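Engineer: Protein chains in written order, with the numbering used here: chain Y, 60 to 207; chain B, 954 to 1150.
Dropping the structure in here first, questions after.
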Amino acid sequence: MRAMLRVALRLVLGAVFVYAAYTKLRQSWLLFALSIDSYQLLPEWGVLALARTLPWIELALGLLLVTGWLLRYTSVAAAIVLAGFFSVMLLSYARGAGIDCGCFGVGEALSAKTLIRDGALLLSVCILVWLSRSRGHSGPQTTERVAD
Amino acid sequence: MRRSVIPLALAFLTATLLAQAPTSTRAVGPIIAKVTVDVYSDFQCPHCKVLDEQTLSRVRQDYAAKGLIRLVHHDFPLPMHPYAKQAALLAAAADKVGKFEQVSEVLFKQQDSWAASGKVEETVDSVLTPAEAKRVHALAADPATAAIVQRDVDLGTRLNITSTPTVIITKNLKSDRVVGSVTYPVLKRYLDQLLAN
């Protein structure tokens, strides 16, 4: 049961990360920079650096989650990234900023709906971290293959 | 012969109509510009103020006024802002007397003041002559002016706009939208990229 839940979570979260990366990489990186800029938290160089790198980080995390490779570490990294997103979104929402979420490409306003969605993803990745913390979960597991 | 007369007649008719139409400054830049930037804005929204004062004023000057892009203002007064619609009506009315830019500027500049006191008309009057002010008040009460604002609201609603400011950047019929206030240097990079391609 645990193994099945772990597989389901890593596949779903992996797909979400890959899709999030795809929506950003298929368009101009400067458009994503505008989304980051709307949060008004970073200087220009920080906005540009993050816009250039974040989609690739999301893609790498997504692929690692899907394959299950180094799951113990990947799940922690994904949790850190999602916790970062959630904190920034929560802060901006509390400030009343009517801004671009920037979650899946551009054009989606930050709202209670986007916060609930990101919160659900964060909760899921936390469960995945907990499920992956036991010994020997640094790679795809025999039990998972059996469960598959 | 007949084929060449029709386009000439159409061109003459268009030129005549354009010459007779009052010049609106809600849109700056040529209608045939390579890139169009549509801004859905609310005069009572603090982020719209930041966007207009720190970013759009420079975009207007550096791009739209030079004919590189077309920058269009659309009213999208949010129901949560009690004086936003009145401000939009007065700005639309001021456009009819050629004072949209001045009225828009003062509404954003003194937003904190009139949003607290409700003295929208007094704020607008401060940049108009007494005669202009009288005309603007009358035009703001005119259903035709309300129709202009409502047309923008309807358009924004059809485009699923839910918050302000929302900026829609269009090139070759492909549109991208950015929600919220963005800084000039980052927007400039994006506009330069669009214009260069």
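Glycine residues also receive a C-beta, built at the ideal position from the N, C-alpha and C atoms.
Please read these numbers as outputs of a predicted model, since none were measured by experiment.
With which residues is Thr1123 of chain B paired in a DSSP beta bridge?
Structural biologist: Paired residues: B:Thr989, B:Ser1128.
Engineer: DSSP on Leu1024 of chain B, reduced to helix/strand/coil?
Structural biologist: Here Leu1024 of chain B sits in strand by DSSP.
Engineer: Residues of the stretch 99-127 of chain Y in Cβ contact with chain B at a cutoff of 8 Å, in chain order, please.
Structural biologist: Taking 8 Å as the Cβ-Cβ cut-off against chain B, the residues of the stretch 99-127 of chain Y that qualify are Gln99, Glu103, Val106, Leu107.
Engineer: Below 8 Å on the Cβ atoms is my contact criterion, and I expect Leu1081 of chain B with Lys1062 of chain B to pass it. Report the Cβ-Cβ distance as a whole number of Å.
Structural biologist: The pair is not a contact, with the Cβ atoms about 15 Å apart (cut-off 8 Å).
Engineer: What runs of the beta strand (DSSP E), each 3 residues or longer, lie entirely inside the stretch 1031-1092 of chain B?
Structural biologist: Complete beta strand (DSSP E) runs here, min 3: none at all.
Engineer: Find the nearest neighbour of Leu1043 of chain B within the set B:Lys1087, B:Ala1018, B:Val1139, judged by alpha-carbon distance.
Structural biologist: Ranking B:Lys1087, B:Ala1018, B:Val1139 by Cα distance to Leu1043 of chain B puts B:Lys1087 first.
Engineer: Below 7 Å CB to CB, which residues in the same chain sit around Thr1119 of chain B once its five sequence neighbours on both sides are set aside?
Structural biologist: Around Thr1119 of chain B: Tyr993, Arg1130, Val1132.
Engineer: Along chain Y, which residues have their Cβ under 7 Å away from the Cβ of Gln1146 of chain B?
Structural biologist: Ser87, Leu89, listed in chain order.
Engineer: Quick one: what does DSSP say Asp159 of chain Y is sitting in, helix, strand or coil?
Structural biologist: Strand, per DSSP.
Engineer: Any C-beta of chain B sitting closer than 9 Å to the C-beta of Leu180 of chain Y?
Structural biologist: So, not an interface residue.
Engineer: Just to confirm, is the Cβ distance from Thr1123 of chain B to Val1012 of chain B under 9 Å?
Structural biologist: Result no, Cβ atoms of Thr1123 of chain B and Val1012 of chain B do not sit closer than 9 Å.
Engineer: Run through DSSP, which three-state label would Ala980 of chain B get?
Structural biologist: Reduced to three states, the DSSP call for Ala980 of chain B is strand.
Engineer: Give the residues of chain B in contact with Asp96 of chain Y, contact being defined as C-beta atoms less than 7 Å apart.
Structural biologist: Within 7 Å Cβ-Cβ: Val1135, Thr1136, Val1139.
Engineer: Who are the neighbours of Tyr1143 of chain B on chain Y, taking C-beta pairs under 8 Å?
Structural biologist: Those within 8 Å of Tyr1143 of chain B in chain Y are Ser87, Leu89, Leu90, Ala92, Leu93.
Engineer: Inspect the CB distances between the stretch 105-113 of chain Y and the stretch 141-155 of chain Y and report whether three or more fall short of 8 Å.
Structural biologist: Contact fails: fewer than three Cβ-Cβ distances are below 8 Å.
Engineer: Let me know if Gln997 of chain B comes out buried or exposed under the rule of 16 or more other beta-carbons within 10 Å of its beta-carbon.
Structural biologist: Under this definition Gln997 of chain B is a buried residue.
Engineer: Mapping DSSP to helix, strand and coil, what is Pro975 of chain B?
Structural biologist: Unreliable placement is indicated for Pro975 of chain B, whose pLDDT of 48 sits below 50; no coordinate value is reported for it.
Engineer: Quick one: give me the first and last residue of the alpha helix (DSSP H) that Pro999 of chain B is part of.
Structural biologist: Counting along the chain, the alpha helix (DSSP H) containing Pro999 of chain B begins and ends at 999-1003.
Engineer: With a threshold of 8 Å on Cβ separation, who are the neighbours of Val75 of chain Y within its own chain once the five nearest residues in sequence on each side are excluded?
Structural biologist: For Val75 of chain Y, where only same-chain residues beyond five positions count, the Cβ hits under 8 Å are Gly121, Leu180.
Engineer: Would you please state the rounded distance, in angstroms, between the beta carbons of Val1056 of chain B and Val1077 of chain B? I believe it to be under 8 Å.
Structural biologist: Going by Cβ atoms, the distance from Val1056 of chain B to Val1077 of chain B rounds to 5 Å, so yes, they are a contact pair.
Engineer: Taking 9 Å as the CB-CB limit, is Ser1116 of chain B close to chain Y?
Structural biologist: It does; some Cβ of chain Y falls within 9 Å.
Engineer: Just how far apart, CA to CA, sit Phe163 of chain Y and Ser1079 of chain B?
Structural biologist: The straight-line gap from Cα to Cα measures roughly 45 Å.
Engineer: Apart from the five residues on each side of it in sequence, which residues of its chain come closer than 8 Å, Cβ to Cβ, to Thr1117 of chain B?
Structural biologist: Excluding residues within five positions, the ones whose Cβ falls inside 8 Å are Tyr993, Ser994, Asp995, Cys998, His1000, Cys1001, Phe1029, Leu1031.
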